[in-house]
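Novice: Here the working numbering is used: the first residue of the sequence shown is 120, the next is one more, and so on.
Sharing a structure below in C-alpha cells format, with a few things to ask.
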Amino acid sequence: MAERIQILKNDLGFEIEGDLEIVDRVRGGNRSAYSILVRRHQKGLMRLAMRFMKDSDAAEDIVQESFIKAFERLNSFEGRASFKSWLFQIAVNTAKNRLRDRHGRGNMNIDDVPLAVDARAESTLVHCSVAEIIQKYVDDLPLKQKTALVLRIYEDLSFKEIAEIMDCPYDTAKANYRHALMKLKDELSNQPDLRHWTEESGGFFMEMHRKVAEAES
C-alpha cells in the first residue's frame, strides 16, 4: 500500500482530506463522500478528455463514464498509485475506446487521432496562428507520445504519474515525452520566422528548448 496521504491544510488553514482517506470513507459505506473526489478532479479530467475528444459534449461523456467506472471499481484500487493517476488512466483508456468505436475498430489507427492542444500565443504568420501550427505537429505524433506530452506539459504530472496512467515503465514514459519534444523542436526549428513572432511566441520557442533539455537530463 502506498504511503498514506495525510490530512492537508489549505491557505486558509482548513483541513483537507487526502484522496486515500476519502476512498476509505466511500469503501466504508459513506457513498456520498465520492462527490468530494468528483468535485476535486472533474476539471482536470475534463481538460484531459477535451484533448482527446475535441468536443465538449463527448468530453463530458468521457468524464461521467470515467467517474462511474472508478466508483464501480473502487474496491480494486490498491493505492499503489495515487487516486488521480488511477482515475486518469481510466479516462485515457475510455477515450481511446470511444475513439475506436467512433471510427470503427477495424478501420482506424489510434495514432492518427488528433489530440487537441491549447496554445496561448495568438499571433499569426501567413494567416496561420501559432496554435494551428503547433496543433498540426502534435497531431502527427504517435498517440503514446501525444499522451505523454499532454500529461506532462498541460497537466503538469510527474513522470511517475504518467507511467502509471499509461501503464508503462518510468523510462518509457519519459522517452515518449522526450521523443515528442524533440520532434516538435525539430519541426518548429524549421520555421525561420518563429523567433520573430510576438514575444509570447518567442517565449514558447525558448520554453520548448528548456523542456527538451529537462527531458534529456
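We put the beta carbon where it would ideally sit given N, CA and C, even for glycine.
Keep in mind the model is a prediction, meaning the values are calculated, not measured.
Kindly indicate which three-state DSSP category E136 falls into: helix, strand or coil?
Specialist: In the structure shown, E136 sits in coil (DSSP, three-state: anything other than H, G, I, E or B).
Novice: What's the gap between the Cα of R170 and the Cα of V182?
Specialist: In a straight line, the C-alpha of R170 is about 12 Å away from that of V182.
Novice: Let me check you understand the geometry: is the CB of E197 closer than 6 Å to at least one non-hydrogen atom of the ligand GTP?
Specialist: The ligand GTP is absent from the structure shown, which contains no ligands of any kind.
Novice: Starting from the Cα of D180, find the closest Cα among N216, R297, R271 and D275 and give me that residue.
Specialist: Residue N216 is the option with its Cα nearest to D180.
Novice: With a cut-off of 8 Å on the beta carbons, I'd call T213 and K188 a contact; round off their distance for me.
Specialist: So it is a contact: roughly 7 Å between Cβ atoms.
Novice: Would you report the Cα separation of D138 and L206, rounded to the nearest angstrom?
Specialist: Going by the C-alpha atoms only, they are around 11 Å apart.
Novice: Please name the residue, chosen from L193, A168 and G163, that lies closest to Y153 on a Cα-to-Cα basis.
Specialist: Cα-wise, what sits closest to Y153 is L193.
Novice: For S320, does the three-state DSSP call read helix, strand or coil?
Specialist: Residue confidence for S320 is low, a pLDDT of 45 falling below 50, so the modelled location carries little weight and cannot support an answer.
Novice: By the three-class DSSP mapping on this structure, what secondary structure does S175 have?
Specialist: If DSSP states are grouped into helix, strand and coil, S175 belongs with the helices.
Novice: Out of curiosity, what's the CA-to-CA distance linking M165 and I284?
Specialist: One C-alpha to the other measures close to 16 Å.
Novice: How is R271 classed by DSSP in three states: helix, strand or coil?
Specialist: Note: R271 maps to helix in three-state DSSP.
Novice: Can you look up D220 in the DSSP assignment and give me helix, strand or coil?
Specialist: In the structure shown, D220 sits in a helix (DSSP, three-state: H, G or I).
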